[in-house]
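In our numbering, the protein residues as written are 17 to 205. Built from N, CA and C at the ideal position, the CB exists for glycine as well. Note that this is a predicted model, so its numbers are computed, not measured. First comes the structure, then the notes that go with it.
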Amino acid sequence: MIKRSEYERVQEQAAAAIRAAGIQLTAAEAARIEVVDFGLSHVAVEGVQVFTMFATERISAKVLVMLPHQTEPEHWHPPVGGDPGKEETIRVIAGTLLFFIPGPDTMREGWVPAGKAGCYSCRHEIVLKPCDQLTLPPGTKHWFQARDGGAVFYSFSTCVRDGLDRFTDPAIVRQTVISEDDEVEAGAR
Ligand code: ZN
């Protein structure tokens, strides 16, 4: 759950980061940026911002924004019917992105969010800087995190079925619920 005012503030931060990275964005597009809190209600700690440029039945292109020190929870894209699951290539545009996949523990710069050790099993750290890219085969567990300045990166993938993504953290709900600020204030009175 995220308050409308916080949703809009994070959305503006994400739009500013995208523009600072040199990518043009109309006002209407900036208003379409999705702020995802994974139902964990602490978007600055675990969350992601997504601008979908397009998503057809077969391919999609997005710009993802991570706020400074924000972590996208560990997840994988499972097979669906005859499809092996989403294959994804990411390419960093700005900032430093720490990417974690299965493999030997090389974690140096990253950290697991407090109290969440059981929800992040991958400890193989890959440090991605602008122009670095990585292709993730379908079904591979992964999570990622931004350093101090945040990160902006492209995500190109096969058909997106975000609703089917699996997360290690059982508390996660993929759909972000926005609460109106007046409701919260009314409740506080
Ligand atoms: Zn993913």
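Determine whether the beta carbon atoms of Cys30 and Gln86 lie at a separation below 8 Å.
Here the sequence assigns Ala to residue 30, which means Cys is not the residue at that position. No.
Could you name each continuous alpha helix (DSSP H) segment of 4 residues or more that falls completely within the segment 86-126, going from the start of the chain to the end?
none
Can you check which of these residues, Thr174, Glu24, Phe169, Ser21, is closest to Glu104 by C-alpha distance?
Thr174
Under the criterion of a Cβ to heavy atom distance below 7 Å, does Glu104 qualify as lining ligand 1?
yes
Does DSSP put Glu50 in a helix, in a strand, or in coil?
strand
Would you tell me roughly how many angstroms separate the C-alpha atoms of Arg205 and Gly38, rounded to the nearest one?
Any reading at Arg205 is ruled out, since the residue's pLDDT is 45, under 50, leaving its predicted position unreliable.
Just to check, is the beta-carbon of His91 closer than 7 Å to a non-hydrogen atom of ligand 1?
yes
Beta carbon of His158: closer than 7 Å to some heavy atom of ligand 1?
yes
Judging by CA-CA distance, which residue of Tyr136, Ile142, Asp121 is the nearest neighbour of Leu113?
Ile142
Which residue marks the beginning of the alpha helix (DSSP H) containing Ala37, and which one marks its end?
Segment: none, Ala37 is in no alpha helix (DSSP H) and carries neither H nor E.
Ala187 - containing beta strand (DSSP E), residue span:
No beta strand (DSSP E) holds Ala187; DSSP gives it neither H nor E.
With a cut-off of 8 Å on the beta carbons, I'd call Ala77 and Phe172 a contact; round off their distance for me.
5 Å
So Ala162 and Gly111 are supposed to be a Cβ contact under 8 Å. How far apart are they, rounded?
6 Å
Sequence-distant residues of the same chain with beta carbon closer than 7 Å to Pro146, five excluded per side
Val108, Ile109, Ala110
Ala167 - containing beta strand (DSSP E), residue span:
158-174
Excluding the 5 residues flanking Glu125 on each side, which residues of the same chain have their C-beta closer than 6 Å to its C-beta?
Leu114
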